[in-house]
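Heads up: the sequence lines are chains H and F, in that order.
So for the first sequence, numbering that gives the first Met the number 0 puts the first residue at 0; every next one is plus one.
So for the second sequence, numbering that gives the first Met the number 0 puts the first residue at 0; every next one is plus one.
The beta carbon of each residue, even a glycine, is placed where N, CA and C say it ideally should be.
Data block below; observations after.
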Amino acid sequence: MDWLAVVMHGTLAGGGYALFAIGLSLAYGVMRLVNIAHGDFIVLAAYIALVIAVASGLHPLLALPIVAAIMFGLGYLLQRTVLNRVLGPDILPPLLVTFGLAIILQNGLLEVFSADARVLPAGTLATDSVSLGGGLAVGLLPLATFMTAVACTLGLSWLFRYTRLGVAFRATSDDPHTAQLVGIKDKHIYALAMGIAFAVMAVGGVFMGMRASFTPDLGPSYLIYSFEAVVIGGVGSIWGTLAGAILLGVAQGVGYSFGPGWGILTGHIVFLLVLLFRPAGLFSRSQP
Amino acid sequence: MNGPSGYTVVLGTRASRVGLLAACIACAVLFTMPFWAGSGTMRLLIEIMCFLALAQMWNLLAGYGGLISIGQQAFVGIGAYGLFLCANHLGVNPFVAVLLGGLTAAILALPVAAITFRLKGGYFAVGTWVVAEVCRLAVSNVQLLGGGSGQSLTAMRGMPKALRESTTFWIAAAITVGMIALTYWVLRSRFGMALTAIRDSEAASKSQGIHVQKVKLYVFVFAAFGSGLVGALYYLNALRISPGSAFDLNWVVIAIFIVVIGGIGTLEGPIIGTLVYFGLRELLADYGSWYLMALGLCAVIVMIKWPRGIWGTIQHRYDLRFFPVQRRVRLLE
């Protein structure tokens, strides 16, 4: 049993989950919104990339900026026109509206693209591997995914800490009413946060689509992996989300080494154990 | 219930007496159906009753308990698999095993609550969903229960068709009517007052000495019991089970649709929602995924435009309550 390889591959898979989870973490951090359609929008991004790649012949990585821009716009509009109306002390409306969106999106994709599995044509990027010495080799694409996840986490934590927009995000998150008093337009800030979340989801969707085949019904699993990564890491911490995603990837990898039916289940069990023993997450500064 | 200084607290209304009468007539019609209705009608009605009972459980959780679960399919599936385990492998009479299925779900609800109650709001919702996934994956790995491909209810072999159909129907009617009546009674009781108080303000009810977590736990276990009964009943009727269908997310999707369209936080709402849902299904069933998209769209629009749902809007406008659960103060002349 080559544990080093299992942990290595699990960690890289965790990079993909981190790209999924960052958007969920961000939306919850800024506006306390749990978007049930989160995973379905990731799948949508992959299909948008597919359409662009097929129509223009662009490599998916070159199409990614376009996909991210489209998704940013979609996220901004969705928050501005629909989700802002249902945000409030009652948590039921936003949950149900995004749940409805998830159903619409999933069945809409099914209607347009059929249930056939698709994959983004990534050329040699999908098959090349990098030797790390000692007989250990990792795929170039998983490595690139992981690096991108780290870069996105770095970028967002920089944005939150050092930019005016980041200050506005934190202020609105702490107290929207007071933030309004000092001239922050909370509706616009929420929409921007959702736009950024959607752009990162686009990155996750494109990398996932190059690595494995996807179908319209994958959204719920992506939502669940994202959610597990966020909770394991500790709600509200972006670096915690990255760490949680890596732990989830490793747990699944260890599970898969027991048999094909055990990978995802092991991930869920690790999540439940964390919830049982460290309900605030492993890397959260505050305790409940 | 006479107060000290010239007022009484009343629960009933004129409409509630009409409601009670209508309910009695409906029950009489329902319970005699096996004597005169065709087997196709009865099968459809069993399905309708399953979704009505499940929606009522979800309504109790979300509309009264403030617990928004999108993992009720965990209890549906566990109840159903409880039935198959008891009937197929332990030799229990399948009709008795329905009850055991419900109990299995209720027992499982205790550890599930211990874990998921640590999550708040939206995170609780997704947490319950993870639990449902865990149940599905775990059951898929149990060879005794047929693994990923499921199994048939072989314990029913040799039972005459007419006997099986009418007994299943009576059990369905008893479960549905029983769960609704029980919910109605619970909501009118002292416990129901505590529940409504928690829904309106958790902090205020805590200050009045209500054990919020305990009340929520009771509701969660009760809803799990009801959902487990529904699962057992549904698969007693279907005679075949697989993890994919028993733990299907669509269970809760439909329950939520019914409650939201009909009117959350009312007992009449889910009844109306169930009628709307089955009406739409008969109309649109040929359109496959368009039909589910229409359901999703309806739910989103209703949630944004009429968050009270159909019955909630009527009730709000005309003050009409067939199953009143709130107390009113009436001043005496």
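Helix, strand or coil for residue i, going by three-state DSSP, please let me know.
| i | result |
| --- | --- |
| Gly138(H) | strand |
| Pro81(H) | The amino acid occupying residue 81(H) in the given sequence is Val; Pro does not appear at that position. Looking at Val81(H) - three-state DSSP - the assignment turns out to be helix. |
| Ser151(F) | strand |
| Pro287(H) | With a pLDDT of 35 at Pro287(H), under the threshold of 50, the modelled position of that residue is not reliable, and the figure given next carries that caveat. Correct three-state label for Pro287(H): coil. |
| Leu131(H) | coil |
| Phe224(F) | helix |
| Val253(H) | helix |
| Arg156(F) | coil |
| Leu238(F) | coil |
| Val373(F) | This structure cannot speak to residue 373(F), because chain F is shown only from 0 to 332. |
| Gly2(F) | The predicted model places Gly2(F) with a pLDDT of 48, which falls under 50 and marks its position as unreliable, so this point remains unresolved. |
| Leu73(H) | helix |
| Arg326(F) | coil |
| Thr7(F) | strand |
| Phe213(H) | strand |
| Arg320(F) | coil |
| Arg117(H) | strand |
| Gly262(F) | coil |
| Thr40(F) | helix |
| Asn106(H) | helix |
| Gly14(H) | helix |
| Gly165(H) | helix |
| Val125(F) | helix |
Give me the Cα-Cα distance between residue i and residue j, rounded to the nearest whole angstrom.
| i | j | result |
| --- | --- | --- |
| Ile309(F) | Val259(F) | 8 Å |
| Val130(F) | Val111(F) | 7 Å |
| Gln55(F) | Ile179(F) | 7 Å |
| Met7(H) | Lys205(F) | 49 Å |
| Phe219(F) | Trp57(F) | 10 Å |
| Phe270(H) | Ala124(F) | 15 Å |
| Gly2(F) | Leu60(F) | Because the pLDDT of Gly2(F) is 48, which lies under 50, any placement of that residue in the model is unreliable, and the number read from its coordinates should be weighed accordingly. Each residue's Cα considered, the two are about 32 Å apart. |
| Val29(H) | Gln179(H) | 14 Å |
| Trp184(F) | Pro306(F) | 26 Å |
| Thr265(H) | Gly258(H) | 11 Å |
| Met0(F) | Tyr276(F) | Any reading at Met0(F) needs caution, since the residue's pLDDT is 48, under 50, leaving its predicted position unreliable; the model's value is listed next. Those two C-alpha atoms are separated by around 40 Å. |
| Gly17(F) | Glu132(F) | The sequence shown places Val at residue 17(F), not Gly. Taking the straight line joining both Cα atoms gives about 43 Å. |
| Arg198(F) | Gly65(F) | 6 Å |
| Pro287(H) | Gly154(H) | Caution applies to Pro287(H), whose pLDDT of 35 falls short of 50 and renders its modelled position unreliable; the model cannot decide the point. |
| His187(H) | Ile300(F) | 23 Å |
| Ala114(H) | Thr162(H) | 43 Å |
| Arg163(F) | Leu108(H) | 41 Å |
| Tyr286(F) | Ala116(H) | 22 Å |
| Leu29(F) | Phe50(F) | 16 Å |
Does the beta carbon of residue i fall short of 7 Å from some heavy atom of the ligand FAD?
| i | result |
| --- | --- |
| Val251(F) | Ligands are entirely absent from the displayed structure, and the ligand FAD is therefore not among its contents. |
Measuring CB to CB, does residue i end up less than 8 Å from residue j?
| i | j | result |
| --- | --- | --- |
| Met207(H) | Ala45(H) | yes |
| Ala154(F) | Ala86(F) | yes |
| Ser148(F) | Gly260(H) | no |
| Tyr189(H) | Gln105(H) | no |
| Ile35(H) | Ile51(H) | no |
| Ile174(F) | Leu232(F) | yes |
| Phe116(F) | Ile240(F) | no |
| Ile102(H) | Ile67(F) | no |
| Gly280(H) | Gly232(H) | yes |
| Phe213(H) | Val42(H) | yes |
| Leu3(H) | Leu135(H) | yes |
| Met193(H) | Gly74(H) | yes |
| Arg135(F) | Pro242(F) | yes |
| Tyr80(F) | Ala245(F) | yes |
| Thr265(F) | Gln314(F) | yes |
| Met302(F) | Val81(H) | no |
| Met209(H) | Leu131(H) | no |
| Val199(H) | Gly22(H) | yes |
| Gly272(F) | Gly311(F) | no |
Can you give the beta carbon distance from residue i to residue j, rounded, assuming they're within the 8 Å contact cut?
| i | j | result |
| --- | --- | --- |
| Leu181(F) | Tyr63(F) | About 13 Å; that fails the 8 Å criterion. |
| Gly78(F) | Gly101(F) | 6 Å |
| Ser225(H) | Gly13(H) | Between Gly13(H) and Ser225(H) the Cβ distance is about 12 Å, and since that is not below 8 Å, they are no contact. |
| Leu294(F) | Phe256(F) | 5 Å |
By the criterion of Cβ-Cβ separation under 7 Å, what are the contact partners of residue i in chain B?
| i | result |
| --- | --- |
| Leu294(F) | No chain B is part of this structure, whose protein chains are labelled H and F. |
Touch check for the segment 118-125 of chain H and the segment 57-72 of chain H: three-plus C-beta pairs under 8 Å? The segment 118-125 of chain H makes contact with the segment 57-72 of chain H: 3 or more CB pairs, one atom from each, lie closer than 8 Å.
Per the contact definition of three or more C-beta pairs closer than 8 Å, is the segment 62-80 of chain F in contact with the segment 100-116 of chain F? yes
Between the segment 90-100 of chain F and the segment 223-236 of chain F, can you find at least three pairs of beta-carbon atoms closer than 8 Å? Cβ pair count under 8 Å is three or more, so yes.
Would you call the segment 9-23 of chain H and the segment 228-235 of chain H touching, i.e. three or more CB-CB distances under 8 Å? yes
Does the pairing of the segment 233-250 of chain H with the segment 3-23 of chain F give three or more beta-carbon distances under 8 Å? no
Does the segment 199-213 of chain F touch the segment 25-33 of chain F, meaning 3 or more C-beta pairs lie closer than 8 Å? no
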